[in-house]
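Student: Quick one: structure below, then a few questions.
Residue numbers (the working numbering): 188 to 1117.
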């Protein structure tokens, strides 16, 4: 198995294609990267900026380049002895006209070859959806869209289609009879009943009527294709027939202002294997599984072997050919049986490096039986992030937030409240579908037959909202002890909250724990297991939408902790906790990924590093915010008796502004637009004063107007005069946090990943802001200069980098030096153990240090933190400022060490003042004999 030394994540899109990636491979190799780590590269919806909306996993995305461009990229990667880790999306595909498998299902229904590919509930309890697939893609109610002429029938070579703006859906072959039969008598009079083309039309009608009853499988597909060819032939060859069909299209499409004229199209639409609807209907009456709450992403039944093989054929070919050397599995928790999926994937792809996108709660472990190298790194992100938060400041930040937000509600209560909101609003249909299965099961038992649908749904919702982790992994092979504990914990808490539903809770508990009644048929057992699997598929999306995509935009005590996979209710991570988790990873998941920024993170890695400075200065922070609120009070608009934005949103805004304000003044103009986009997304995600499902345009416009006024670039802007000095002060300290974070990521147990462009300062906000174009020409130029100058006078270079640290070169320099050290001491970082290093002296709490050892080589990482109480603004945390602070170096090691960053030789005293004499962090490497 090829284990990556260090990965570099790139986001492919039409603005960054295979050729563009080829042009940076040499740069990445020079930087010290061993493996390209790519966003999905399979055919996606037109113009996709992320690639997760796949329409065809059996071909490469043509928008990224031709096959020869892909080959050229893979060749370039091999020329530099690099690998390619590929992100794949087994959970879902795009609900899109270019998804030919789905279009086949919508055209042929139960007779489609792909009927079992998608996770559709065909036997939905609502009659208007039974036997059909909901298509909740419209911007208004069905009747309104129909009578406004927004739904249009069209005819072309591929046949009839129903069109709603860019959405294009097929028409089932049986409906062609209704269409062709309309006004057929008029055509007979014009052409004559014995005209060959009229007789062809009659023949086509006969074929259409015989298809449903007489043909199946390939024969049916052949008949349909034959009908379409015949119809197109007569359409293109006979002007009268062409006029007839065009006239019928126009007639079916109705006349705006005449509601009765849309009856024909309405009847035709009711015949289809899909039901067009207002997009909001999806929240409550969905009958297919979605990715979270995204109607445009329909989930796959990858648990079916034929679906697994079809969707993984191309990726397995690329692995077999050696073009792909590693895999990252997107949204593993969405799958029906992740454990079984990973077994199949391992069998299909062999001994290839595999990581999974898995959100772990604090102290939750990855299932030990999974045949993977570990997670894609969100867990590491939150641990390394947490150690820069000064835990002692929790009470002050809680008090400050309570005052500014006017809220007394605890994080723990909001955790439940927001999941309940999602259950009631965004995932109501999904919970209803699960409750239908539960009701059917209960009806098979004397113990459950009296449970009402309402009672079961309420109980189910309560358990889901109280579930402490994303999901469990119960399957036909049984239940783990960890999963048993999580289930019992949720049920026990629910018993205290809904005591009137104890019988229902006890029943659900036994179902989830696989403690079923005796004497069940195989069919009844299968249904119970199916319920458990479905429950597990729903608990994850509920956690993601309720917490990450709602609560993290609402609970704004300290935004640096509101990160994917994080827990803002826990104010920071202790050093003991950080070391403990790293020792565990070293023993169990040595080759997992370590990330500090991803395409999913809520804010850039250097935004968080900057915001953590606030945890050191709560009094000053409070003072600043009070001043800003007073200065900006006049810039608010009144809306329904309240000022906009409300205090909680304003507090979110100030933290965002402080964390992401650019170093480079040339970015200020674009920054205002970026912040406005982010504020709009944040308040909609918070779902309190506006939301995606129910936008309040007045509130949104008022908030955006406030942002514009606050950031107005004028000499009379008193807020900016107050804000900028404080911002620059915080940003200066934040840089040192960032450098420490870089060192820790590249030296801790695991495979470090660099998100595109973050080798310079990453002050981005949530997607799509973090997918902006990267200036690689600048980075190449910087790296070339750094490599040349470090050969002659590295001391002079580091002095200059420190004095110009705002331009980001100092981060690039550190990244390069540590990655080179990884390369030169690969066994230490890929196989070495992990030992915390004790620190003594005045500033011992300011140092994070650990050793990695393998064979006769040891590397020690020294990363400082909490700089505001260490140095004055503008000073560097180097040299004598460290006073008597000292490392307790490992016993039995040589007394001479080399700092891989500055190349200086360090004596064995362990004095931080000596180790950090020239640079704010250090990586000591020593060769020794036991």
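Yeah, the Cβ is synthetic: ideal placement off N, Cα and C, and Gly gets one too.
Predicted model only: the values in this text are computed from it and were never measured.
Taking residue 779 and residue 1002 to be in contact with their CB atoms under 8 Å, please state how far apart those CB atoms are, rounded to whole angstroms.
Tutor: Not quite, the Cβ-Cβ distance comes to about 20 Å (not below 8 Å), so this is no contact.
Student: Whether or not the segment 960-980 and the segment 916-936 are in contact is what I'm after, with contact meaning three or more pairs of Cβ atoms, one per stretch, closer than 8 Å; do they touch?
Tutor: Touching, no, given that fewer than three Cβ pairs across the two stretches are closer than 8 Å.
Student: Is the beta carbon of residue 244 less than 8 Å from the beta carbon of residue 257?
Tutor: No, they are not a contact pair.
Student: Once you ignore the five residues that flank residue 609 on each side, which residues in its own chain have a CB closer than 7 Å to its CB?
Tutor: Result list for residue 609: 729, 732, 733 and 737, in chain order.
Student: Please state whether DSSP places residue 1041 in a helix, a strand or coil.
Tutor: If DSSP states are grouped into helix, strand and coil, residue 1041 belongs with the strands.
Student: Who are the Cβ neighbours of residue 941 in its own chain at under 6 Å, not counting the five residues just before and after it?
Tutor: Cβ neighbours of residue 941 beyond the five flanking positions: 195.
Student: Going by DSSP, name the residue or residues bridged to residue 465.
Tutor: DSSP output for residue 465 lists 325 as bridge partner(s).
Student: Output the distance between the C-alpha atoms of residue 804 and residue 845, rounded to the nearest integer angstrom.
Tutor: Between residue 804 and residue 845, the C-alpha separation is close to 14 Å.
Student: Identify which residue in 681, 970, 982 and 602 has its Cα closest to the Cα of residue 1092.
Tutor: Checked all of 681, 970, 982 and 602; the closest Cα to residue 1092 is 982.
Student: Could you pull out every residue in the same chain whose Cβ sits closer than 8 Å to the Cβ of residue 193, ignoring the five residues on either side in sequence?
Tutor: Excluding sequence neighbours, residue 193 sits near 219, 220, 221, 222, 933, 938, 939, 940, 941, 1006 and 1009.
Student: How close, in whole Å, do the beta carbons of residue 441 and residue 456 come, if the pair is a contact with beta carbons under 8 Å?
Tutor: Not confirmed; about 12 Å, so no contact.
Student: Where do the ends of the beta strand (DSSP E) carrying residue 540 lie?
Tutor: Element bounds for residue 540: 540-543.
Student: Taking contact to mean 3 or more Cβ pairs, one atom from each stretch, closer than 8 Å, check whether the segment 422-434 and the segment 370-377 are in contact.
Tutor: Yes, the segment 422-434 touches the segment 370-377.
Student: In the structure shown, what three-state DSSP assignment does residue 530 receive?
Tutor: Note: residue 530 maps to helix in three-state DSSP.
Student: By a C-beta neighbour count over all protein chains shown, 10 Å radius and 16 as the cutoff for buried, is residue 866 buried or exposed?
Tutor: It counts as buried.
Student: When the Cβ atoms of the segment 552-570 are set against those of the segment 750-760, are three or more pairs found closer than 8 Å?
Tutor: Counting Cβ pairs under 8 Å, three or more are found: they touch.
Student: Taking the alpha-carbon positions, what's the residue 784 to residue 544 distance?
Tutor: Near 14 Å, if we compare the C-alpha coordinates of residue 544 and residue 784.
Student: Alpha carbons only, please: which of 277, 467, 601 and 338 is nearest the one belonging to residue 515?
Tutor: Among 277, 467, 601 and 338, the Cα nearest to that of residue 515 is on 277.
Student: Quick check on DSSP: helix, strand or coil for residue 724?
Tutor: Residue 724 falls in the helix class under three-state DSSP.
Student: What are the residues that DSSP puts in a beta bridge with residue 1050?
Tutor: 1035.
Student: Using the Cβ count rule (16 or more neighbours within 10 Å means buried), how would you classify residue 227?
Tutor: Flag for residue 227 reads buried.
Student: If you count every other CB in all the chains shown that lies within 10 Å of the CB of residue 641, and 16 or more means buried, which is it?
Tutor: Exposed, by the Cβ-count rule.
Student: Does DSSP classify residue 1156 as helix, strand or coil?
Tutor: There is no way to answer for residue 1156, as the model of the chain reaches only from 188 to 1117.
Student: So does the segment 589-603 actually touch the segment 791-807, counting three or more Cβ pairs closer than 8 Å?
Tutor: The segment 589-603, when compared against the segment 791-807, does not touch it at the 8 Å Cβ threshold.
Student: Could you name the residues of the same chain whose beta carbon sits closer than 8 Å to that of residue 909, not counting the 5 residues immediately before and after it, in chain order?
Tutor: Excluding residues within five positions, the ones whose Cβ falls inside 8 Å are 811, 814, 815 and 818.
Student: Along the beta strand (DSSP E) that carries residue 481, what are the first and last residues, could you check?
Tutor: Unbroken beta strand (DSSP E) run through residue 481: 481-486.
Student: Quick one: Cα of residue 284 to Cα of residue 459, how far?
Tutor: Each residue's Cα considered, the two are about 15 Å apart.
Student: Note down the Cα distance separating residue 1097 from residue 1059, rounded to an integer number of angstroms.
Tutor: Roughly 24 Å between the two C-alpha positions.
Student: So what does DSSP say about residue 188, is it helix, strand or coil?
Tutor: Residue 188 falls in the coil class under three-state DSSP.
Student: What would DSSP say about residue 360, mapped onto helix, strand or coil?
Tutor: Residue 360: coil per DSSP, three-state reduction.
Student: Just the Cα atoms here: how many angstroms apart are residue 411 and residue 286?
Tutor: C-alpha separation (whole angstroms): 19 Å.
Student: Identify every run of the beta strand (DSSP E) within the segment 901-973, keeping only runs that are complete inside it and at least 3 residues long; order them along the chain.
Tutor: Those beta strand (DSSP E) runs which fall completely within the segment 901-973 and span 3+ residues are 938-942.
Student: Using the DSSP secondary-structure output, state which residues sit across from residue 305 in a beta bridge.
Tutor: Answer is 487, bridged to residue 305.
Student: Throw me the rounded Cβ distance for the residue 470 and residue 613 pair, which I believe falls under 8 Å.
Tutor: Right, their Cβ atoms sit about 5 Å apart.
Student: Does DSSP put residue 878 in a helix, in a strand, or in coil?
Tutor: Residue 878: coil per DSSP, three-state reduction.
Student: Does the segment 493-502 come close enough to the segment 543-559 that 3 or more CB-CB pairs lie under 8 Å?
Tutor: Cβ pair count under 8 Å is below three, so no.
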